[in-house]
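Each residue of the sequence shown is one higher than the one before, counting from 17 in the working numbering. Built from N, CA and C at the ideal position, the CB exists for glycine as well. I have placed the structure first, in the form of structure tokens, so that the comments after it can refer back to it.
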Amino acid sequence: MYKYFSVSANRLSSPLSPLPQFTVAPLANRYPRTGLRLLLTMGNTTSRPRSRAPLSNIENKKALAREEAKRSTSDTTLQTGATGHASPKTAIKKAEIQKKLPKDFLWGFATASFQIEGSTNVDGRGPSIWDEFSRTPGKTLDGRDGDVATDSYRLWKEDVALLKQYGIKSYRFSLSWSRIIPLGGRNDPVNELGIKFYSDFIDALLAAGITPFLTLYHWDLPQGLHDRYGGWLNKEEIVKDYVRYAKVCFEAFGDRVKHWLTMNEPWCISILGYGRGVFAPGRSSDRNRSAEGDSRTEPWIAGHSVILAHANAVKLYREQFKPTQKGQIGITLNGDWAMPYDNTPENIAAAQHALDFAIGWFADPIYLGHYPAYMKEVLGDRLPTFTPEELKVVKGSGDFYGMNTYTTNLCKAGGSDEFQGNVDYTFKRPDGTELGCQAHCAWLQTYPDGFRALLNYIWKKYKLPIYITENGFAVKDEDSKPLLDALADKDRVEYFDGNTKAVLAAVNEDGVDIRAYFPWSFMDNFEWADGYGTRFGVTYVDYETQKRYPKDSAKFLVRWFQDNVEK
């Protein structure tokens with residue numbers, strides 16, 4: 017998960033062992049107009065965050081026990097949600113919520129391989145573009161890389177045990193292409209140790225009663241393919257290599273995996289990797305960011321290649337594997353709800369333009385068979401076209417709509433950011449009030465009515481079952497808080513309280529077909545260009561010890577789904 021939008025300047029960005037010390041130092045804003053960022057540094061440990069004097073084990077045990085006792089008495093608050101921030105004007109009333117979600121509704125948590133696994137040079141794994149990118153000075157906010165992350169390659173059994181303890185029904189995770197085919201190509205050898213790792217992990221999930229929901233690609237392209245021919249910029253080569261990778265995975269895991277996602281957030285792959293240059297491989301027209309790249313053309317080329325790779329993998333699965341494996345396959349697209357800043361015609365049009373560039377860019381070809389007309393108007397011949405043969409493969413290449421969404425944006429016409437459809441985003445209403453509670457990230461505020469509106473928009477436009485594959489909140493300054501304060505993540509609880517009610521209302525009152533909900537994320541992790549300072553997890557990770565501590569949000573979500581899904 018990650019977003020990078022142009023925003024207004026006024027938007028800001030448990031086991032009982034001793035706690036690390038943190039100090040907070042301001043960091044000059046590296047990304048233009050994204051608001052406040054923090055750099056977290058460790059006193060005498062290189063690139064490690066510190067906060068306060070460590071408690072002794074005894075003191076920490078007593079403090080945790082007191083806090084747990086105190087918080088256990090407030091279960092009612094967690095079940096109903098705190099109300100410390102202004103509700104949207106059309107707030108969902110408790111009385112509206114009647115019917116439960118169906119018994120087969122999938123719920124659980126989500127992660128991605130590079131964000132949690134670590135062990136980047138272990139058991140035959142090859143390098144990925146994120147290995148090199150995150151190790152390059154200046155590419156992550158805290159200067160740290162993904163070589164360890166949450167150490168889940170070593171600690172996966174403990175992670176499965178915690179997931180089982182939570183009682184989730186499904187777990188969304190991704191495979192590392194470089195761990196399975198270290199060099200990435202269609203003629204390169206398969207790493208059997210990588211296959212075994214994921215096979216054992218899938219078996220453990222199933223033994224714990226947890227349904228695997230598997231993402232084939234979550235941004236960690238094998239470095240070998242980038243070096244060989246430019247990765248996603250070479251349609252002819254990357255499609256063939258990706259389809260071979262997908263085939264290896266279908267053959268190895270398809271007897272047990274029945275829910276597949278080909279790609280995670282192609283908008284981020286294309287815009288952040290090949291337009292803004294803030295994600296691997298870091299290409300951009302800005303020569304302060306990269307020595308190579310063309311932001312006017314490369315994002316649209318990369319996005320086109322991603323669509324074709326996805327569609328051809330779906331074609332392969334449907335023809336060769338679905339008849340016997342009986343699974344479902346689709347793609348997950350990111351995109352947030354866009355609301356007009358006011359009722360002027362130009363701002364009403366701007367909101368639709370924002371949706372066209374954020375969602376329609378990928379959803380329209382895949383589900384409707386064409387790019388949005390507004391994108392064609394803006395980009396002209398810079399937007400690639402599909403051949404008739406390609407379009408036959410692309411159109412209808414998804415059994416469901418995979419939806420990643422986090423917030424709502426108020427949209428104004430007249431912007432200059434082409435990646436946003438020449439639309440300006442803000443959270444500030446015309447009357448000066450903010451849309452909702454501000455997260456740690458500049459681009460995220462709480463607004464459950466927008467979540468419900470987007471669910472309705474997707475359902476009515478594309479007419480496919482919706483799987484909510486990511487949705488989450490990063491509490492402001494959570495990384496600099498003492499452990500007990502971080503575990504009491506009230507703002508995240510409020511976020512999920514509103515959004516879970518929105519899901520229930522969308523299903524029961526609006527008739528939207530929603531099949532799954534995966535809050536992001538199972539645990540704090542390597543948050544891409546933000547490094548480790550931005551925490552989205554419902555489980556706190558102490559990066560010094562790799563100990564996991566459930567937050568109040570995890571407890572809230574577990575109780576909510578237990579109470580609101582039919583047994």
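Hey, residue i and residue j: beta-carbon distance below 9 Å or not?
| i | j | result |
| --- | --- | --- |
| I474 | Y417 | yes |
| F378 | D236 | no |
| D440 | A366 | yes |
| R299 | D219 | no |
| W283 | G351 | yes |
| P143 | I197 | no |
| Y290 | W248 | yes |
| A128 | F189 | yes |
| E486 | T348 | yes |
| A374 | G452 | no |
| F443 | L426 | yes |
| G346 | V330 | yes |
| H242 | M279 | no |
| M539 | G553 | yes |
| W576 | F512 | yes |
| V138 | Y559 | no |
| F523 | K119 | Here residue 523 is Val; the residue named in the question, Phe, does not match the sequence. Contact flag unset, no. |
| D617 | G200 | Since the displayed the chain opens at 17 and closes at 583, residue 617 lies outside it and no answer follows. |
| F266 | Q181 | no |
| Y169 | E133 | yes |
| V410 | L324 | yes |
| R613 | K567 | There is no way to answer for residue 613, as the model of the chain reaches only from 17 to 583. |
| G225 | V574 | no |
| L500 | N580 | no |
| G124 | L178 | no |
How is residue i classed by DSSP in three states: helix, strand or coil?
| i | result |
| --- | --- |
| V557 | strand |
| R468 | helix |
| N532 | Checking the displayed sequence, the identity of residue 532 turns out to be Ala instead of Asn. Strand, per DSSP. |
| W377 | helix |
| R551 | coil |
| L71 | In this prediction, L71 has a pLDDT of 38, which is less than 50 and means its spatial position is unreliable; nothing more can be read from the coordinates. |
| A570 | helix |
| K444 | strand |
| R564 | strand |
| S144 | strand |
| I108 | With a pLDDT of 47 at I108, under the threshold of 50, the modelled position of this residue cannot be trusted, and the question is left open. |
| V255 | helix |
| S496 | helix |
| S150 | helix |
| E434 | helix |
| D163 | coil |
| L55 | Per-residue confidence for L55 stands at a pLDDT of 25, beneath the threshold of 50, marking its modelled position as unreliable; the derived number appears in the next sentence. Strand at L55. |
| L399 | coil |
| D540 | coil |
| D601 | Absent from the model: residue 601. The displayed extent of the chain is 17 to 583, so no value can be given. |
| G240 | helix |
| L157 | coil |
| F489 | coil |
Which residue or residues does DSSP assign as beta-bridge partners of residue i?
| i | result |
| --- | --- |
| G418 | T348, Y483 |
| Q454 | Q461 |
| M355 | L426 |
| W172 | For W172, which the question treats as bridged, DSSP gives no partner whatsoever. |
| F125 | Y187 |
| L117 | V581 |
| V439 | A429 |
Quick one: give me the first and last residue of the alpha helix (DSSP H) that residue i is part of.
| i | result |
| --- | --- |
| A367 | 361 to 371 |
| K506 | 506 to 524 |
| W248 | That residue, W248, is in no alpha helix (DSSP H); it is neither H nor E in DSSP. |
| P404 | 404 to 410 |
| V394 | 389 to 395 |
| A502 | 499 to 503 |
How far does the beta strand (DSSP E) with residue i in it reach, from first residue to last?
| i | result |
| --- | --- |
| S186 | 186 to 190 |
Query - Inside the stretch 261 to 347 only - beta strand (DSSP E) runs reaching at least 3 residues - result: Qualifying beta strand (DSSP E) stretches, in chain order: 275 to 280.
Requested in this report: Would you mind listing the beta strand (DSSP E) stretches within the stretch 177 to 237 that are 3+ residues and don't spill past its ends, in chain order?
Outcome: Restricted to the stretch 177 to 237, the beta strand (DSSP E) segments that are unbroken, complete and at least 3 residues in length are 186 to 190, 227 to 231, listed in chain order.
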